[in-house]
Every structure is written in structure tokens, then in C-alpha cells.
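Quick note, the sequences are listed as chains Y and E, same order.
Counting with the UniProt record's numbering, you get residues 1 to 230 for the letters of the first sequence.
Counting with the UniProt record's numbering, you get residues 1 to 230 for the letters of the second sequence.
All residues carry an ideal CB built from backbone N, CA and C; glycine is no exception.
Notes to accompany the following structure.
Number of protein chains: 2
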Amino acid sequence: PPGRKVLIVYAHQEPKSLNGSLKRIAVEELSKQGCSVTVSDLYAMQFEPRATRNDIVGCLHNSEEFNYGMEAWEAYKRGGLSSDLIEEQKKVQEADLLIFQFPLYWFSMPAIMKGWMDRVLVQGFAHEFPHCYDSGLLKNKLALFSFTTGGSREMYAEDGISGDIRYLLWPMQHGIMHFCGVKVLAPHICFAPEYVSEEKRQEMLIAWAQRLKTLWKEEPINCSPEWYFK
Amino acid sequence: PPGRKVLIVYAHQEPKSLNGSLKRIAVEELSKQGCSVTVSDLYAMQFEPRATRNDIVGCLHNSEEFNYGMEAWEAYKRGGLSSDLIEEQKKVQEADLLIFQFPLYWFSMPAIMKGWMDRVLVQGFAHEFPHCYDSGLLKNKLALFSFTTGGSREMYAEDGISGDIRYLLWPMQHGIMHFCGVKVLAPHICFAPEYVSEEKRQEMLIAWAQRLKTLWKEEPINCSPEWYFK
Numbered sequence: 001p002p003g004r005k006v007l008i009v010y011a012h013q014e015p016k017s018l019n020g021s022l023k024r025i026a027v028e029e030l031s032k033q034g035c036s037v038t039v040s041d042l043y044a045m046q047f048e049p050r051a052t053r054n055d056i057v058g059c060l061h062n063s064e065e066f067n068y069g070m071e072a073w074e075a076y077k078r079g080g081l082s083s084d085l086i087e088e089q090k091k092v093q094e095a096d097l098l099i100f101q102f103p104l105y106w107f108s109m110p111a112i113m114k115g116w117m118d119r120v121l122v123q124g125f126a127h128e129f130p131h132c133y134d135s136g137l138l139k140n141k142l143a144l145f146s147f148t149t150g151g152s153r154e155m156y157a158e159d160g161i162s163g164d165i166r167y168l169l170w171p172m173q174h175g176i177m178h179f180c181g182v183k184v185l186a187p188h189i190c191f192a193p194e195y196v197s198e199e200k201r202q203e204m205l206i207a208w209a210q211r212l213k214t215l216w217k218e219e220p221i222n223c224s225p226e227w228y229f230k
Numbered sequence: 001p002p003g004r005k006v007l008i009v010y011a012h013q014e015p016k017s018l019n020g021s022l023k024r025i026a027v028e029e030l031s032k033q034g035c036s037v038t039v040s041d042l043y044a045m046q047f048e049p050r051a052t053r054n055d056i057v058g059c060l061h062n063s064e065e066f067n068y069g070m071e072a073w074e075a076y077k078r079g080g081l082s083s084d085l086i087e088e089q090k091k092v093q094e095a096d097l098l099i100f101q102f103p104l105y106w107f108s109m110p111a112i113m114k115g116w117m118d119r120v121l122v123q124g125f126a127h128e129f130p131h132c133y134d135s136g137l138l139k140n141k142l143a144l145f146s147f148t149t150g151g152s153r154e155m156y157a158e159d160g161i162s163g164d165i166r167y168l169l170w171p172m173q174h175g176i177m178h179f180c181g182v183k184v185l186a187p188h189i190c191f192a193p194e195y196v197s198e199e200k201r202q203e204m205l206i207a208w209a210q211r212l213k214t215l216w217k218e219e220p221i222n223c224s225p226e227w228y229f230k
């Protein structure tokens, strides 16, 4: 609905890819609804995935023994994180909905997107004990993981060789988003687009556009072990 | 035993950290056994985690639409991967055992290590359909995930707030290592070292050194859904 803010964190090298099309469709459809849409195009930004001392501007809290999590937390509190992180945190803070668009790499997100999680969602900003899980600091936001796979739907069936696709969603949806208090919408999965016809790929794009039309009416999943492992 | 080769892929910024000590102990103990030990110290190497066109030397197979997986596969076959990847693949090829030593970041490995998986384990080298899972191209090797956590053992119990720790091992152990044919030894987990006494941390180091003494007698886990989700 008009006024809602969406951040799309996008990780694909090629604009002409299916991931590129899925991202573009989301921008178009959500903009048409009156949402304000921001895209973090990680490869285009050459986003830094490595968590290092460079993320801390100025002196360290403890320069004797570098502890990334603690230094990032301290730096966040004094406004001393590197500018690329402050920029991403602003986008997250303003967003009502986070969409992660990526090709599945090794049962997870590509390293460049994992680096976004590692570096942006620092303690103090996204969580701070006891503010985690349902009381995480990013509560009242929604997240949706939208991705393509190499393996087929059959390989990712419960009795398939790669196991139920939900098994691999646990670290991303529960371990990251739920931990920060974000509510999770059902994932959007395009299985094995490289191995289907052009016509099938077009259907995948249409299905995504269709889903987006009623996205704001969806209820979040129940992000607990039952959803993932029954 | 003498002659066995071990590759330790290590991802921590600080040599004085517990992860640094665990890595050092593994080098010492395994060397003492007569193993030849190599370490890939990812932060020290400033290892590149991003999967980009830079990984391909020379012309692309399809420059119209960049497909990383396909380009890396083609480049592997013609010896056209970037030198840092060829170097890492050589280390993997020679190793009998891969040890991954890292602090758990967001229910997974740090992005710099995920980038190692994304970029080093390319099709043609580590797997090539139908050579995946039990017939993956890296069969006859062993892997062991050794990591520290922020959360306590109680949080990672089956009924704990973060769910059974085994849930989050699925993508790493099954989705990556088993997919490449590597057999997986039981993980080695140091829970919440930042929240225990110096004495407890010393005990953690001793326990790791002890385990390493009989490591070669261990049987791999049964890497199937039952192990992870019962």
C-alpha cells in the first residue's frame, strides 16, 4: 500500500539473469502499488563481505585483542561504524519489508549477501540481549527470501537427495531474521530455472508478479522448529 | 599418522582469540603426529569472498549473459581460474582431512569462509553431475567443522530458543561437504567461550588437543536427515 517502504537486497552479477528479472519485477510491481522501493545491488556496489577492523572508524575499544562483534557494537553506539554500514542500516531502519533476492549457493546465500548480514546486523542495531527473537530490535518488519536453485523440486523434497528445502531455510529465516525480531513471509523459490524452458521461466516471473499483488495481505509463517522440521 | 595431509581453513581476525588458539593447537598436535599441515588463514590472506568475473582469466564462455557457475566450470576445465583459486584447489586435492575453524556468525560460517566454499568448490573440481553426494569428486576425504558460538549450550538444545545445534549444521556438513563426497567427522563445538572463565577456556583447548590425538580412529557421522533432525 502507498507509503510502505521496501528494501531489496539483491545479489546477482548479471542483470539479464532470472534473479535480475525477479528483482526488476519486484521494483516495478511494488512501486506501482505506491511503495517506495530501495535496492542494495551488492555486486554492483562491490559490497565488502569481510568483517574486519576497517569497519571501525577511529580507535578500538580493546586494541590488545580484536573482537569483531564487540568492536562493532561499541562503534555502533558511538556512531563509529564505516559509512557503508551506516548507509545500509539506515535503509533497514526505514524499511517495512526486506526482500532478499539471490541464487542459492551451497544451501545458503552467496558470500556477498552473508557478508551483508554479518556486517550490517550488528548488536545494538538489530539485537541486544535480551532483545532477540520475538523482541529483537527490528520487530515490526517483514522479511522474504526469494531465490533460485540449481537442484530440482524433487531433489529438495522431504525424501529427496538434498532433503526438504525448509531444512536449509532455518539458519537464514530463524537464525538471522527471527533472531532480530523480523517476521518472515513464506519464501519464494524458483526451482532449477536453468533446466526449464524459456516458457517456464516466463511463468516463474508471472507467478512472482502475481504474488506481489497481494503480498501485504499475507500472514507471516510460524517461525519455529515445527515449520522447518515438523 | 605420518604422511597424512591436513588443510585447516581458518577464519578469525585475531591470532590471540580462542579460534586462533584452537587452530594453533591443531597445527601443533597434528604435526607432532607426523601429518603435514597447511593453513589457509583467510583474513590474513585477505581472501576474496565475492564470486565475480575476476575469477575467470581470459575470455568468457558466454559473455552475453554472465553465469558464474557455468563460467567457473568452463574455466576450471581449461585451467583458466584465477590463481588464488587454483592454489586453494591444490591444497584441497592433496588433503586427506579438511578442518574448518571459525566463530559461528549468524547460524553459519563467516562470509569470508562462505566465499571460500562458493569459489573454490567449483563444478568439475568438487562435483559434476552425477558425481555428487556419496560419489562426489572429493570422496575419500574427511572434513571437520570446529567452531565457537556466542550462544550457550542450553540455547542450542533441542528445546532451546535457538533450536538443536545440529539443525544449523545441515547446510554446511550435508549441503556442502557431503555433496562433494567428503565424509564428515563429528563437529567440535566450543559453546560461548566469551562468557566463561579463563580456566574453562583452557579446558576447551585441552579437550581439543585430546580429541586430535585419536582423531584418525574416529568414524564419520551418518550424514543423513536422521542425524540432524531425528
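Backbone CA spacing between residue i and residue j [nearest angstrom]
i, j, result
"E94 of chain Y", "E87 of chain Y", "11 Å"
"K16 of chain Y", "S17 of chain E", "44 Å"
"L215 of chain Y", "L97 of chain Y", "10 Å"
"L212 of chain E", "E14 of chain E", "23 Å"
"L168 of chain E", "S224 of chain Y", "14 Å"
"V9 of chain Y", "G124 of chain E", "30 Å"
"S63 of chain Y", "H61 of chain E", "47 Å"
"D164 of chain E", "L7 of chain Y", "31 Å"
"S21 of chain E", "C190 of chain E", "12 Å"
"A11 of chain E", "I112 of chain E", "7 Å"
"C59 of chain Y", "P220 of chain Y", "42 Å"
"C132 of chain E", "S197 of chain E", "44 Å"
"I206 of chain E", "K23 of chain E", "13 Å"
"L42 of chain E", "R119 of chain Y", "17 Å"
"K139 of chain Y", "E158 of chain E", "25 Å"
"A192 of chain E", "L121 of chain Y", "19 Å"
"R4 of chain E", "A44 of chain Y", "43 Å"
"V92 of chain Y", "K141 of chain Y", "9 Å"
"Q101 of chain Y", "E218 of chain E", "40 Å"
"G181 of chain E", "W208 of chain E", "25 Å"
"S82 of chain Y", "M70 of chain E", "35 Å"
"P130 of chain Y", "A72 of chain E", "44 Å"
"Q210 of chain E", "N19 of chain E", "16 Å"
"G151 of chain Y", "P49 of chain Y", "26 Å"
"M109 of chain E", "P110 of chain Y", "12 Å"
"R201 of chain Y", "R201 of chain E", "53 Å"
"F179 of chain Y", "A126 of chain E", "33 Å"
"A186 of chain E", "K230 of chain E", "16 Å"
Residue-chain proximity (residue i, chain C), Cβ-Cβ < 8 Å
i, result
"L137 of chain E", "Of the chains in the structure shown, none is chain C; the protein chains are Y and E."
Residues near residue i in its chain [Cβ-Cβ closer than 6 Å; skip 5 each side]
i, result
"G34 of chain Y", "P2"
"Y228 of chain Y", "R166, W170"
"M177 of chain Y", "A143, V184"
"L104 of chain Y", "F147, T149"
"F107 of chain E", "L168"
"residue 234 of chain E", "The structure shown does not extend to residue 234 of chain E, since chain E is modelled only from 1 to 230, so the question has no answer here."
Beta-carbon contacts of residue i that lie in its chain and below 7 Å, excluding the five residues immediately before and after
i, result
"I161 of chain E", "M155"
"V37 of chain Y", "V6, I8, V27, L30, S31"
"Y68 of chain E", "A51"
"M117 of chain Y", "I176"
"E128 of chain Y", "L137"
"G80 of chain Y", "I56, V57, G58"
"Q173 of chain Y", "F145, V184, C223"
"H188 of chain E", "L144, S146, W208, R211"
Identity of the residues DSSP links to residue i by a beta bridge
i, result
"I189 of chain Y", "Y:F147"
"H131 of chain E", "E:E128"
"Y10 of chain E", "E:D41, E:Q101"
"L81 of chain E", "E:I56"
"V184 of chain Y", "Y:A143"
"K5 of chain Y", "Y:S36"
Per-residue burial, residue i [other beta carbons within 10 Å of its own, 16 or more giving buried]
i, result
"S135 of chain Y", "exposed"
"Y76 of chain Y", "buried"
"Y195 of chain Y", "exposed"
"I99 of chain Y", "buried"
"E74 of chain E", "buried"
"E203 of chain E", "exposed"
"K90 of chain Y", "exposed"
"N54 of chain E", "exposed"
"K114 of chain E", "buried"
"E226 of chain E", "exposed"
"E199 of chain E", "exposed"
Residue i: CB within 7 Å of a non-hydrogen atom of the ligand MG
i, result
"F179 of chain Y", "The ligand MG is not among the ligands present in this structure, which contains no ligands whatsoever."
Spatial neighbours of residue i in its chain, beta-carbon cut-off 8 Å, leaving aside the 5 residues before and after
i, result
"F66 of chain E", "R53, L60"
"residue 317 of chain Y", "Limits of chain Y in this structure are 1 at one end and 230 at the other, which puts residue 317 of chain Y out of reach."
"I25 of chain E", "L205, W208, A209, L212"
Alpha helix (DSSP H) segments (min. 4 residues) lying fully within the stretch 141-174 of chain Y: 165-169, all fully within the stretch 141-174 of chain Y.
Start-end ranges of the alpha helix (DSSP H) lying completely within the stretch 43-79 of chain E, minimum 4 residues
If we require 4 residues or more, the alpha helix (DSSP H) runs fully inside the stretch 43-79 of chain E come out as 68-77.
- Task: Output the residue ranges of the alpha helix (DSSP H) runs that lie fully inside the stretch 98-123 of chain E and measure 4 residues or longer, sorted by chain position.
- Result: 111-120
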